[in-house]
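Asks:
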Amino acid sequence: MRSRGLRAVPAWAWLVAIVAASTAFRAVAARTMPGPFIFIDELIYSELAKSFAAGGHFLVRGVPTSGYGVVYPVMVSPAYRLFHNLPMAYAAVKTINSLVMSLAAVPAYYLARRVVATPLAL
Numbered sequence: 710m711r712s713r714g715l716r717a718v719p720a721w722a723w724l725v726a727i728v729a730a731s732t733a734f735r736a737v738a739a740r741t742m743p744g745p746f747i748f749i750d751e752l753i754y755s756e757l758a759k760s761f762a763a764g765g766h767f768l769v770r771g772v773p774t775s776g777y778g779v780v781y782p783v784m785v786s787p788a789y790r791l792f793h794n795l796p797m798a799y800a801a802v803k804t805i806n807s808l809v810m811s812l813a814a815v816p817a818y819y820l821a822r823r824v825v826a827t828p829l830a831l
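Here the sequence shown is numbered in the working numbering, starting from 710 and rising by one per residue.
Rendered as structure tokens:
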């Protein structure tokens, strides 16, 4: 039986490889950023995530707040639950962000498949 080389690799495996490579690249690149880039935004969402990790409530400096999304704080709250050291938690949040940003390739791939052939969609 002959192998067709790279064409024999299923599209889902390529997609997983693309997401994994992108996550690794972004995580390494994020290590060069020592602190928040958009400070107030990151401060508010990190406070929401920390309070959710600590007690399941969305608080900023101990004050209940509304008007901010809850999905992102819930998504990164495990970093604050696992690491009580803030620099380590921030590094974990940057890694989570790297994965989430890289996962954008999945819906982009499925949208592209509607327009072009599978190899081109990748």
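Every residue, glycine too, gets a C-beta built ideally from N, C-alpha and C. The model shown is predicted, which means the values in this text are computed figures rather than measured ones.
Could you tell me how far apart the beta carbons of A821 and A801 are, in whole angstroms, since I believe they sit closer than 8 Å?
Replies: On the sequence shown, position 112 is the one that residue 821 refers to. On the sequence shown, position 92 is the one that residue 801 refers to. Not really, about 31 Å apart at Cβ, beyond 8 Å.
Asks: Where do the N-terminal and C-terminal ends of the alpha helix (DSSP H) with Y818 fall, by residue?
Replies: Residue mapping note: residue 818 aligns to position 109 of the sequence shown, counting from 1. Per DSSP, Y818 belongs to the alpha helix (DSSP H) from A814 to R822.
Asks: Decide if L798 is buried, meaning its Cβ has at least 16 other Cβ atoms within 10 Å, or exposed.
Replies: In the sequence shown, residue 798 corresponds to position 89, counting from 1. It should be noted that the sequence gives Ala, not Leu, for residue 798. Burial call: buried.
Asks: Can you name the residues that DSSP bridges to L768?
Replies: Stepping through the sequence shown from its first residue, residue 768 is reached at position 59. Bridge partners of L768: P773.
Asks: On the criterion of 16 or more Cβ atoms from any shown chain inside 10 Å, does S755 qualify as buried, or is it exposed?
Replies: As a first step, residue 755 must be located in the sequence shown, where it is residue number 46. Classification for S755: buried.
Asks: What is the DSSP secondary structure of A720, reduced to helix, strand or coil?
Replies: Here residue 720 is taken as the residue at index 11 of the sequence shown, counted from 1. Of the three classes helix, strand and coil, the one that applies to A720 here is helix, per DSSP.
Asks: To the nearest angstrom, report how far apart R770 and L715 are at their CA atoms.
Replies: Locating residue 770 in the sequence shown gives position 61, counting from the first residue. Locating residue 715 in the sequence shown gives position 6, counting from the first residue. Taking the straight line from one Cα to the other gives about 53 Å.
Asks: Give the C-beta separation of L724 and A814 to the nearest angstrom, bearing in mind that I take them to be a contact with Cβ-Cβ under 8 Å.
Replies: On the sequence shown, residue 724 is found 15 positions in, with the first residue counted as 1. On the sequence shown, residue 814 is found 105 positions in, with the first residue counted as 1. The Cβ separation is near 7 Å, so the contact holds.
Asks: Just to confirm my understanding: we take L752, look at its own chain, exclude 5 residues before and 5 after, and list those with CB closer than 7 Å. What are they?
Replies: If you number the sequence shown from 1, residue 752 lands on position 43. Closer than 7 Å at Cβ, skipping near neighbours: P745.
Asks: Can you tell me where the alpha helix (DSSP H) with I805 in it begins and where it stops?
Replies: Taking the first residue of the sequence shown as 1, we reach residue 805 at position 96. Here the alpha helix (DSSP H) through I805 covers L795 to S811.
Asks: Please classify P743 as buried or exposed, where buried requires at least 16 other C-beta atoms within 10 Å of its C-beta.
Replies: Taking the first residue of the sequence shown as 1, we reach residue 743 at position 34. Looking at its Cβ environment, which holds fewer than 16 other Cβ atoms inside 10 Å, P743 is exposed.
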